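*Asks:* Have a look at this one before I ask anything.
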Amino acid sequence: MKILSCDRDKNFPFAGARELSVSILMPLLAILFWLGVSITKDIFSALCYAFSYWFWTWAVISSGHQAVHKRLFVSPLVNRFYYRFVFLPFGIDADLWAERHNRAHHPRPNTQGYDLDLDDSTFIRLSPYSELRWYHRFQGFYAPILYSFAGPIVVLIQDPMQFLRVYRSKANELKPSVIRFFLNKLIWTFYWFFIPVFVFDFNLRWMLFGFWLGSALSFWSFIPIGASHLYNGTRYFLSRQDADSRQRQLDTTIDFGTSSRIVTLLYGGLNYHRAHHLYPKLASRYYSEITLQIDEIQYKEALGFWELFREHFRLLNALSTKTIQK
Ligand SMILES: [Zn+2]
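Counting from -6, one number per residue, gives the positions in the sequence shown under this note's numbering.
Structural data, given as structure tokens:
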């Protein structure tokens, strides 16, 4: 197959001019809007603050992720600098995320024991192999509320829990740095709270409103990426279960919003999620072309952007009871 030879070619092209422009534009807009908190200090500033959060989100989704795969810039060092930079406002360790993404998520999506987010059923049960708790039966109702408040939950609860789990783990994986962990949290606190309140004299109530709005917009923008594995009808695997790696990717992944140029641009081609999972080392601008070839192996109609949300919540409802096909 033609695309297989491209995957092996180390000189295969990187991101194009359009992707590079987005990678500069998004962080630039995020910083400009953040400076907007110093203007009126009322609802206008709160909206600027929220949009700053949202633009950082798009910088991570559209470009940071490609940098994690070393496909945004030619230099590996510049890629690393870029993703570390755009991850800073999220208060989490970019290197640990990159490690998890490349070594655990990509080779084995929806596989119990590999995907930390999938295994953790503290708040929401995302896998039929995870523990079922009594409150999960209501998860279809409370998930939208939780998603709207998930930004601070991820930074202040989930990230420290994962840090401790990896830190204590005896497995041969990248050990998290304690200094980097606290430095990330410190930068997060300074950027979102300390500087706006003490330097820009931003009204605390408007700041909290802006932060909530920004983190809610951010989390809901991330959902389609997770939902393209966690949709009604997806497959799950156990770590010991052997499966053809290509089939594993195809059975656990679905494309979304592929008819929209805006979705493709904002999601950095991640809406062609099957192409990304089969060929993560290819630059995203080739994904639409590759998808035509993937369809020859297994045709799977892409879901519409909003349709994907509906299928994700159908899955949450199915996982709220024991009776789900694995
Ligand atoms: Zn990826």
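Built from N, CA and C at the ideal position, the CB exists for glycine as well.
None of the values given here were measured: they were computed from a predicted structure.
I want to check one thing, is the minimum distance from the CB of residue 217 to the heavy atoms of ligand 1 below 7 Å?
*Replies:* The residue you call residue 217 lines up with position 224 of the sequence shown. For ligand 1, not one heavy atom lies less than 7 Å from the Cβ of residue 217.
*Asks:* Looking at residue 80: is its Cβ nearer than 8 Å to the Cβ of residue 72?
*Replies:* Locating residue 80 in the sequence shown gives position 87, where the first residue counts as 1. Locating residue 72 in the sequence shown gives position 79, where the first residue counts as 1. Result no, Cβ atoms of residue 80 and residue 72 do not sit closer than 8 Å.
*Asks:* Can you check whether the CB of residue 311 is closer than 8 Å to the CB of residue 287?
*Replies:* Your numbering for residue 287 matches position 294 in the sequence shown. Your numbering for residue 311 matches position 318 in the sequence shown. No, Cβ-Cβ distance for residue 287 and residue 311 is not below 8 Å.
*Asks:* CB of residue 273 to nearest heavy atom of ligand 1: below 7 Å?
*Replies:* In the sequence shown, residue 273 corresponds to position 280, counting from 1. True, at least one ligand heavy atom lies under 7 Å from that Cβ.
*Asks:* Where does residue 261 fall in DSSP's three states?
*Replies:* Looking up residue 261 in the sequence shown gives position 268. Coil at residue 261, not helix or strand.
*Asks:* Between the alpha carbons of residue 132 and residue 304, how many angstroms are there, rounded?
*Replies:* Within the sequence shown, numbered from 1, the residue matching residue 132 stands at position 139. Within the sequence shown, numbered from 1, the residue matching residue 304 stands at position 311. The alpha-carbon atoms of residue 132 and residue 304 are separated by roughly 14 Å.
*Asks:* Near residue 4, what residues of its chain come up, given a Cβ to Cβ distance below 6 Å and the 5 sequence neighbours on each side ignored?
*Replies:* The residue given as residue 4 occupies position 11 in the sequence shown. The predicted position of residue 4 is uncertain, since its pLDDT is 49 and thus under 50; no value can be drawn from it.
*Asks:* Judging by CA-CA distance, which residue of 299, 306, 170 and 279 is the nearest neighbour of residue 12?
*Replies:* The residue you call residue 12 lines up with position 19 of the sequence shown. Among 299, 306, 170 and 279, the Cα nearest to that of residue 12 is on 279.
*Asks:* Under 8 Å between the Cβ atoms of residue 200 and residue 192?
*Replies:* Locating residue 200 in the sequence shown gives position 207, counting from the first residue. Locating residue 192 in the sequence shown gives position 199, counting from the first residue. Cβ atoms of residue 200 and residue 192: not closer than 8 Å.
*Asks:* Opposite residue 104 in the DSSP bridges: which residues?
*Replies:* Start at 1 with the first residue of the sequence shown, and residue 104 comes out as number 111. 230.
*Asks:* What residue range does the alpha helix (DSSP H) around residue 303 cover?
*Replies:* As a first step, residue 303 must be located in the sequence shown, where it is residue number 310. First-last of the alpha helix (DSSP H) with residue 303: 298 to 312.
*Asks:* Can you find the residues in the same chain that come closer than 6 Å, C-beta to C-beta, to residue 266, ignoring five residues on each side of it along the sequence?
*Replies:* For the purposes of this step, residue 266 is taken as the residue at position 273 of the sequence shown. Closer than 6 Å at the Cβ level, and outside the excluded window around residue 266, lie 221, 246 and 248.
*Asks:* Alpha helix (DSSP H) containing residue 242: first to last residue?
*Replies:* As a working mapping, residue 242 is identified with position 249 in the sequence shown. Here the alpha helix (DSSP H) through residue 242 covers 238 to 245.
*Asks:* Do you know offhand how far residue 237's Cα is from residue 105's?
*Replies:* Reading the sequence shown from its first residue, position 244 is the one you call residue 237. Reading the sequence shown from its first residue, position 112 is the one you call residue 105. About 16 Å.
*Asks:* Can you list, in chain order, the residues of its chain whose CB lies under 6 Å from that of residue 60, leaving out five sequence neighbours each side?
*Replies:* Locating residue 60 in the sequence shown gives position 67, counting from the first residue. So the qualifying residues of the chain are 72, 75 and 76.
*Asks:* Would you say residue 103 faces chain B, with C-beta separation under 8 Å as the test?
*Replies:* Among the protein chains of the structure shown there is no chain B, as only one such chain exists.
*Asks:* Quick one: is residue -3 buried, meaning 16 or more other Cβ sit within 10 Å of its Cβ, or exposed?
*Replies:* Counting from one through the sequence shown, the residue named residue -3 turns up at place 4. No answer about residue -3 holds up, because its pLDDT of 46 lies below 50 and its placement is not dependable.
*Asks:* Specify the secondary structure class of residue 83 as computed by DSSP and reduced to three states.
*Replies:* As a first step, residue 83 is located in the sequence shown; it is residue number 90 there, counting from the start. Helix, per DSSP.
*Asks:* Which residues in the same chain as residue 283 place their Cβ atom closer than 8 Å to its Cβ, once the five residues preceding and following it in sequence are excluded?
*Replies:* For the purposes of this step, residue 283 is taken as the residue at position 290 of the sequence shown. Cβ within range, chain order: -4, 265, 268, 271, 272 and 275.
*Asks:* Kindly examine ligand 1 and report whether one of its heavy atoms sits closer than 7 Å to the Cβ of residue 129.
*Replies:* Reading the sequence shown from its first residue, position 136 is the one you call residue 129. Not under cutoff, so the answer is no.
*Asks:* Pull up the CB-CB distance for residue 298 and residue 216, whole angstroms please, since I reckon it's below 8 Å.
*Replies:* Translated into the one-based positions of the sequence shown, residue 298 becomes position 305. Translated into the one-based positions of the sequence shown, residue 216 becomes position 223. Not a contact, Cβ separation roughly 11 Å.
*Asks:* Just the C-alpha distance for residue 300 and residue 219, rounded to the nearest angstrom, thanks.
*Replies:* As a position in the sequence shown, residue 300 is number 307, starting the count at 1. As a position in the sequence shown, residue 219 is number 226, starting the count at 1. Roughly 14 Å between the two C-alpha positions.
*Asks:* Let me check you understand the geometry: is the CB of residue 99 closer than 7 Å to at least one non-hydrogen atom of ligand 1?
*Replies:* Here the question's residue 99 lines up with position 106 in the sequence shown. Answer for residue 99: yes, Cβ within range of ligand 1.
*Asks:* Cutting at 7 Å between CB atoms, please list the residues of its own chain near residue 87, excluding the five before and the five after it.
*Replies:* Translated into the one-based positions of the sequence shown, residue 87 becomes position 94. The residues are 76, 77 and 80.
*Asks:* Hey, would you say the C-beta of residue 62 is under 7 Å away from at least one heavy atom of ligand 1?
*Replies:* By 1-based counting over the sequence shown, the position of residue 62 is 69. Within the chosen limit of 7 Å, ligand 1 reaches the beta carbon of residue 62 through at least one heavy atom.
*Asks:* Whole-angstrom Cβ separation of residue 227 and residue 103, contact assumed at under 8 Å?
*Replies:* The sequence position of residue 227 within the sequence shown is 234, counting from 1. The sequence position of residue 103 within the sequence shown is 110, counting from 1. About 6 Å separates the beta carbon of residue 227 from that of residue 103, a gap short enough to meet the 8 Å contact definition.
*Asks:* Just reading off the alpha helix (DSSP H) that residue 219 is part of, what are its end residues?
*Replies:* Looking up residue 219 in the sequence shown gives position 226. Residues 197 to 220.
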